Structure formats: C-alpha cells, structure tokens
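The numbering of the sequence shown is full-length UniProt numbering, which starts it at 1 and goes up by one.
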Amino acid sequence: MKIIAFVGSPRKDGNTSKIINSLCVGLEENNHEVEIYNLSDLDIKGCRACGACQSNKVDYCSINDKMTTLLPKIADADCIVLGTPVYMLQVTGITKNFLDRLFPFFVQSDHSVKHLPGKKYITVTCSGAPAEAFKNVTEYLNTLFSDHFKMENCGNIIAGGLLTTDDIISHAEILKQAEDMGQKLS
Ligand SMILES: Cc1cc2nc3c(=O)[nH]c(=O)nc-3n(C[C@H](O)[C@H](O)[C@H](O)COP(=O)(O)O)c2cc1C
Numbered sequence: 001m002k003i004i005a006f007v008g009s010p011r012k013d014g015n016t017s018k019i020i021n022s023l024c025v026g027l028e029e030n031n032h033e034v035e036i037y038n039l040s041d042l043d044i045k046g047c048r049a050c051g052a053c054q055s056n057k058v059d060y061c062s063i064n065d066k067m068t069t070l071l072p073k074i075a076d077a078d079c080i081v082l083g084t085p086v087y088m089l090q091v092t093g094i095t096k097n098f099l100d101r102l103f104p105f106f107v108q109s110d111h112s113v114k115h116l117p118g119k120k121y122i123t124v125t126c127s128g129a130p131a132e133a134f135k136n137v138t139e140y141l142n143t144l145f146s147d148h149f150k151m152e153n154c155g156n157i158i159a160g161g162l163l164t165t166d167d168i169i170s171h172a173e174i175l176k177q178a179e180d181m182g183q184k185l186s
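If you want it as structure tokens, here you go:
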C-alpha cells in the first residue's frame, strides 16, 4: 500500500515524530511504501474560503503552496497517517490548517466526498497531560475521517505525560504499539 504520513508538531524530533517513525518502521517492514512529511516544513496557508475548490475552476485548490502537490498525493494514497500534539486542548494550528485544506475533497453540492472514502487512516496524538485527558482530540479526528470522509479507522495511538522531546523514549510500550500497528496493517 501507499502510505502518506503527516507530523503536525513543530518539533521535528519530538514525541509525535518519534511515534510516527516507529509506526513507519513497522509499515516498511510490512513492505508498504511510506512517505513522511513534517507539516511545519511546508508553510501550509490557511483556507481562504474562496470557493474555487467547489467550482470547476481548479483541480483542487486555488492557493499555490505545498498542498498543490500534496492533495493529489493524498487522493492517490491507500492510507493516511496523521499525528499531532495537543495544543490548547486541540490539534496544533499547523495541523488544523492542513485539515481545513482538505476541503476540496468535500462536494458541497451533494454533500458527498471524493477520493477519500474507503481509504485507511491512523491517528497519533501526544499530550503533556495523561492520555485519558485528551481523548476528545482523537474523537474529533475520528469524526472527521470516519464519519465525514468515510475512511476506515486502522488505529488511534493516544500518548500522554509527554513534555520534553525525548519523554516518549521511556514509554517503550507506545513505540512498540506503533511499530506493531505498522507491521499488522493490511
Ligand atoms: C503551545 C502549546 C500548547 C500545549 N497545550 C497542551 C494542552 O492543552 N494539553 C496538554 O496536555 N499538553 C499541551 N501541550 C504539551 C504538548 O501537547 C506535549 O508536550 C506533546 O507531547 C508535544 O508533542 P511533540 O513532542 O511531538 O511536539 C502544549 C504544548 C505547547 C507548546
């Protein structure tokens, strides 16, 4: 399978990144083709609500930034991995910009979704507070991906108690959970 993974933390070597790396090790051991993007490198602009994606004026989006190449890649992938730290009780701003820019996959005229239904997805969330405290963030992502995009949930990794970039190293069970999830994805 073709898998495209997004890290929504500005810390490139932080906890979210380390969990996604372990997941991707498992995916590659399982012979999947994986591409990882750090959203913080991509300067993804916020949606301007211009409406062009809902007309026939553009293929995907009128904003000319990295999403111009990512949107067709997402449409072509079999599985999407999205990891985000919890910032102020929700996904990070760069993650939210990215999610807003998936609007071209909605077809407002008939409330359908194109390209995404049937694809698999995995989410990763990291928080400073214990994992139970921010299940709402995972629920939000599941509502978006499962209920709205009609994608198949292949796993949610929820990691808490993580403050410094290396805190996840002392939670070997979570890194193993991530690698196992990658090895088992089919
Ligand atoms: C601006 C900011 C806001 C944060 N807000 C929360 C929060 O609301 N709840 C929480 O538990 N942790 C919060 N944190 C802590 C991060 O979620 C946590 O350290 C996470 O593991 C960081 O992931 P990373 O290492 O991948 O960057 C916040 C951190 C920052 C920098």
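A virtual CB, placed ideally from N, CA and C, is assigned to each residue, including glycine.
Predicted model only: the values in this text are computed from it and were never measured.
If I follow the unbroken beta strand (DSSP E) through residue i, where does it start and stop?
i      : result
Pro72  : No beta strand (DSSP E) contains Pro72, which is instead part of the alpha helix (DSSP H) from Met67 to Asp76.
Glu33  : Glu33 to Asn38
Lys2   : Lys2 to Val7
Lys161 : It should be pointed out that residue 161 corresponds to Gly in this sequence rather than to Lys. Looking at the DSSP string, Gly161 is not in any beta strand (DSSP E), and its letter there is neither H nor E.
Val86  : It is not in any beta strand (DSSP E) - Val86 carries neither H nor E in the DSSP assignment.
Cys126 : Lys120 to Cys126
Locate the alpha helix (DSSP H) running through residue i, then write down its first and last residues.
i      : result
Phe98  : Gly93 to Asp100
Ile19  : Asn15 to Glu29
Val137 : Lys135 to Asn142
Glu179 : Ala172 to Lys184
Compare the beta carbon distance of residue i and residue j with 8 Å and say whether it is the shorter of the two.
i           : j      : result
Ile20       : Ile4   : no
Thr125      : Thr84  : yes
Ile80       : Tyr140 : no
Gly8        : Thr92  : yes
Lys150      : Val107 : no
residue 259 : Pro130 : Outside the displayed span of the chain (1 to 186) sits residue 259, for which this structure offers no information.
Leu185      : Lys18  : no
Thr165      : Asp41  : no
Thr123      : Leu82  : yes
Glu29       : Gln177 : no
Cys181      : Gly51  : Reading off the sequence shown, one finds Met at residue 181, where the question assumed Cys. No, Cβ-Cβ distance for Met181 and Gly51 is not below 8 Å.
If you compare alpha carbons, which of the options is closest to residue i?
i      : options                          : result
Phe145 : Ser62, Asp100 and Met1           : Asp100
Thr95  : Met1, Phe6 and Asn31             : Phe6
Ser109 : Ala131, Cys53 and Arg11          : Cys53
Thr16  : Lys184, Leu163 and Gln183        : Leu163
Ala77  : His148, Leu116 and Met181        : Leu116
Asp147 : His171, Gly118 and Ser170        : Gly118
Asn31  : Met1, Val58 and Gly46            : Met1
Asp59  : Leu39, Arg11, Phe105 and Gln90   : Phe105
Val86  : Glu173, His171, Ile158 and Leu39 : Ile158
Leu39  : Gln90, Pro10 and Leu102          : Pro10
Ile74  : Gly128, Ser62, Phe103 and Ser170 : Phe103
Phe134 : Thr143, His111, Leu89 and Ser170 : Leu89
Cys47  : Gly128, Thr143, Ile63 and Asn136 : Ile63
Just confirm the distance between the C-beta atoms of residue i and residue j, as a whole number of angstroms; I'd bet it's less than 8 Å.
i           : j     : result
residue 263 : Leu23 : What the structure shows of the chain is the stretch from 1 to 186, and residue 263 is not part of that stretch, so it cannot be assessed.
Ile168      : Asn97 : That belief does not hold up - the Cβ atoms of Ile168 and Asn97 are roughly 25 Å apart, past 8 Å.
At a cut-off of 7 Å, would you count residue i as near ligand 3, judging by its Cβ distance to the nearest heavy atom?
i     : result
Pro85 : Looking for ligand 3 in the displayed structure turns up nothing; the ligands present are ligand 1.
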